[in-house]
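K.L.:
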Amino acid sequence: MKKSISIYKLHRNVIIFILISLIILVTIALYYKELYQEDSYTHYLMAKYARTHNWLFLDIWGRPIPTTILSFAAPLGLFPTKILTIMISLFCAIITYHLTRAKNLRYSEYIVPFLIFQPYYLLISVNPLTEIIFATLLTISLLYLINKNYVISTIICSALPLARPEGFFFLILWMFILINKKKWKSIPFLGLGCLIWNCLGFLQTSEIIWLYNNFPWLGQKGVYGSGSFFHFLFLLPEITGILLPFFIIGLIHLIAEKRLLFPIVFFYFLSLHTILWTFGLFKSGGYARYFVSIAPIIAIISIYGLNILYKFLKIPKISLPAFTALFITSSIFSIFSIQKPSLDTDHYLIKNAYHYYAKSLSIEHPLICASNYFFYLSNKDRFNYEHFPFPNLQNLQKSVNNTVVIWDSKFFAKECGISKEQILDLGYQKVKFFVSQNPFYEVAIFTKP
-5 MKKSISIYKL
5 HRNVIIFILI
15 SLIILVTIAL
25 YYKELYQEDS
35 YTHYLMAKYA
45 RTHNWLFLDI
55 WGRPIPTTIL
65 SFAAPLGLFP
75 TKILTIMISL
85 FCAIITYHLT
95 RAKNLRYSEY
105 IVPFLIFQPY
115 YLLISVNPLT
125 EIIFATLLTI
135 SLLYLINKNY
145 VISTIICSAL
155 PLARPEGFFF
165 LILWMFILIN
175 KKKWKSIPFL
185 GLGCLIWNCL
195 GFLQTSEIIW
205 LYNNFPWLGQ
215 KGVYGSGSFF
225 HFLFLLPEIT
235 GILLPFFIIG
245 LIHLIAEKRL
255 LFPIVFFYFL
265 SLHTILWTFG
275 LFKSGGYARY
285 FVSIAPIIAI
295 ISIYGLNILY
305 KFLKIPKISL
315 PAFTALFITS
325 SIFSIFSIQK
335 PSLDTDHYLI
345 KNAYHYYAKS
355 LSIEHPLICA
365 SNYFFYLSNK
375 DRFNYEHFPF
385 PNLQNLQKSV
395 NNTVVIWDSK
405 FFAKECGISK
415 EQILDLGYQK
425 VKFFVSQNPF
435 YEVAIFTKP
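Mapping to the numbering used here: the sequence shown position 33 is 27, numbers consecutive.
#1: Can you give the beta carbon distance from Ser287 to Arg158, rounded, assuming they're within the 8 Å contact cut?
#2: Among Tyr367, Ile332, Leu361, which residue has its Cα nearest to the Cα of His341?
#3: Are the stretch 318 to 336 and the stretch 418 to 431 in contact at 8 Å, needing three or more beta carbon pairs?
#4: Please return the same chain residues whose Cβ sits closer than 8 Å to the Cβ of Gln112, not counting the five positions on each side in sequence.
#5: Touching or not, the stretch 48 to 66 and the stretch 75 to 93, by the rule of three or more beta carbon pairs under 8 Å?
#6: Could you tell me the distance, in whole angstroms, from the CA atom of Phe128 to the CA atom of Ile17?
#7: Measure the CB-CB distance between Phe471 and Pro385 and report whether it falls below 8 Å.
#8: Which value, in whole angstroms, describes the spacing of the CA atoms of Lys353 and Val437?
#9: Can you list, in chain order, the residues of its chain whose CB lies under 8 Å from that of Leu489, leaving out five sequence neighbours each side?
#10: What is the rounded straight-line gap between the Cα of Tyr281 and the Cα of Ser265?
#11: Looking only at C-alpha atoms, which of Lys176, Gly274, Ala250 sits nearest to Gly221?
#12: What residue range is occupied by the uninterrupted beta strand (DSSP E) comprising Ile362?
#13: Report the option in Asn378, Thr272, Thr441 whose CA atom is closest to the CA atom of Phe224.
#14: Taking the continuous beta strand (DSSP E) assigned at Ser430, which residues delimit it?
#15: Decide if the stretch 13 to 32 is in contact with the stretch 143 to 161; the criterion is three or more beta carbon pairs, one per stretch, under 8 Å apart.
#16: Whole angstroms are fine: how far does the CA of Thr36 sit from the CA of Trp49?
#17: From Ser15 to Tyr284, what distance separates their C-alpha atoms?
#18: Distance, Cα to Cα, Ser430 vs Ile322?
#19: Which residues in the same chain have their Cβ closer than 6 Å to the Cβ of Asn395, if we skip the five residues on either side of it in sequence?
#20: Looking only at C-alpha atoms, which of Cys410, Gly411, Ile439, Lys404 sits nearest to Pro433?
#21: Could you pull the DSSP bridge partners for Ala438 from this structure?
#22: Spatial neighbours of Ala96 within its chain, please: CB distance less than 7 Å, with the 5 preceding and 5 following residues excluded, ordered by chain position.
#23: Between which two residues does the alpha helix (DSSP H) harbouring Leu194 extend?
#24: Counting Cβ pairs, one atom from each stretch, are 3 or more of them under 8 Å apart for the stretch 117 to 124 and the stretch 312 to 320?
#25: For Ala41, I'd like the list of residues in its chain whose CB is within less than 6 Å of its CB, leaving aside the five on either flank, ordered along the chain.
#26: Who are the Cβ neighbours of Leu355 in its own chain at under 8 Å, not counting the five residues just before and after it?
#27: Please classify Phe228 as buried or exposed, where buried requires at least 16 other C-beta atoms within 10 Å of its C-beta.
#28: At which residues does the alpha helix (DSSP H) containing Ala41 begin and terminate?
#29: Measure from the alpha carbon of Phe163 to the alpha carbon of each residue in Ser180, His359, Cys188, Gly279, then state which is nearest.
#30: How long is the line joining the alpha carbons of Glu380 and Leu361, rounded to whole angstroms?
#31: Near Ile357, what residues of its chain come up, given a Cβ to Cβ distance below 6 Å and the 5 sequence neighbours on each side ignored?
#32: Could you give the C-beta distance for Phe170 and Ile149, rounded to a whole number, given that I count them as a contact under 8 Å?
#33: Mark Glu415 as exposed unless 16 or more other C-beta atoms lie within 10 angstroms of its C-beta, in which case mark it buried.
#34: Taking a contact to mean a Cβ-Cβ separation below 8 Å, would you say Trp191 touches Pro58 in this structure?
#35: For Gly244, which residues from the same chain have a beta carbon less than 6 Å from its beta carbon, with the 5 sequence-adjacent residues on both sides left out?
#36: Mapping the DSSP letters down to three states, classify Leu275 as helix, strand or coil.
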């Protein structure tokens, strides 16, 4: 039997936790003047200029849903964008609370701090990335699934690929869930999101299989390297914070009780990223932040663990608020080790290069650069390729005199596959060089005479 879903009925403690979280998140947003990792600047710039370049709304790397949502705030500036991401983060927490209520879990109001103050979730909440948007869609889909509204659950699941690459793999998982429940009529709806996406791409380009033809990771392997099979297991304490004991107990309990939905989602996601990172597939970077995509699942499993501890151990009631306060405090401190208040090496050198560029070179000349942080600093339209050609050998060869090239050893060298020597061979002159040894990173400025 289908159950109606209302997001308006909230426990008093949930409202208190939401307000506390809002205050802390806004404070963190004000404290950090820079974003976390280059990807944040890329998504921010895509959303900022999407209304000027409409094709960005469909871009496969940027993803239609995050770009569309963020485009309401990004043109207004970085801080309004952070506020929007905070609102999405809190909305995800409310949906996750209703998911725990649907499972009749005690202490379900504690799902709010258990979710928001997972270290990476806390940090990503003030950054324009895709993980929390994906997590929100996944949680809504699970909520409808648990309430036996399979068609709506499947339609929302079909939108997951429009939020993050893992969404394609979740379509497969959902298909098996629907097969297991013998909901055959719901299965075709899994293709709805990609069908709409492809049709919009077709209207723009006239390519019938636009989505497949433009998939950016086909045939790419090891761009960001690869690593240990146990990489993400070793990162688990960093991902969960001090929730880890609750999470492990909850995971064991759910498996023992054969209540497998949440464990399956967790292990499916873990296995997926383990394979991608081990074999260097799909430009996997091995980042712990990827697990923000299933942070609601981690929080729910931890609430199960909490219930088991309170059931079998005589723990004073005051201990839970005390632990929550400790968890919040430890998570706030932990994000400073994830993203230091000062600029990281990459952004520090890029900022130095920008200052030299703005002071010593003509900013009116054509610019070729692979760093989106540089475009953020210079407030230039990254996607105006007439004035800022995409960094590839063809554009470097046909560039006009006085073109400025900002080369770096990460994005220009690794992602674009162009070395300093190749630029010199094309007749450019090196005018400035920046380097750091720990970790190693290079930035060089070239001009075309």
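All C-beta atoms, glycine included, are put in the ideal place defined by N, C-alpha and C. These numbers were taken from a predicted model, which means no experiment stands behind them.
P.N.:
In short:
#1: 6 Å
#2: Tyr367
#3: no
#4: Ile233, Thr234, Gly235, Leu237, Val286, Ala289, Ile292, Ala293, Ser325
#5: yes
#6: 24 Å
#7: Residue 471 falls outside the range modelled here, since the chain spans only -5 to 443, and no answer is possible.
#8: 17 Å
#9: With the chain covering only -5 through 443, there is no way to say anything about residue 489.
#10: 14 Å
#11: Gly274
#12: 361 to 363
#13: Thr272
#14: 423 to 431
#15: no
#16: 15 Å
#17: 22 Å
#18: 35 Å
#19: Lys442
#20: Lys404
#21: Trp401, Phe427
#22: Leu137, Ile140, Asn141
#23: 186 to 199
#24: no
#25: Thr61, Leu64, Ser65, Ala68
#26: Val398, Val425, Ile439, Thr441
#27: exposed
#28: 31 to 43
#29: Cys188
#30: 10 Å
#31: none
#32: Actually they are not in contact, since the Cβ atoms of Phe170 and Ile149 sit about 18 Å apart, beyond 8 Å.
#33: exposed
#34: yes
#35: Ile295, Ser296, Tyr298, Gly299
#36: strand
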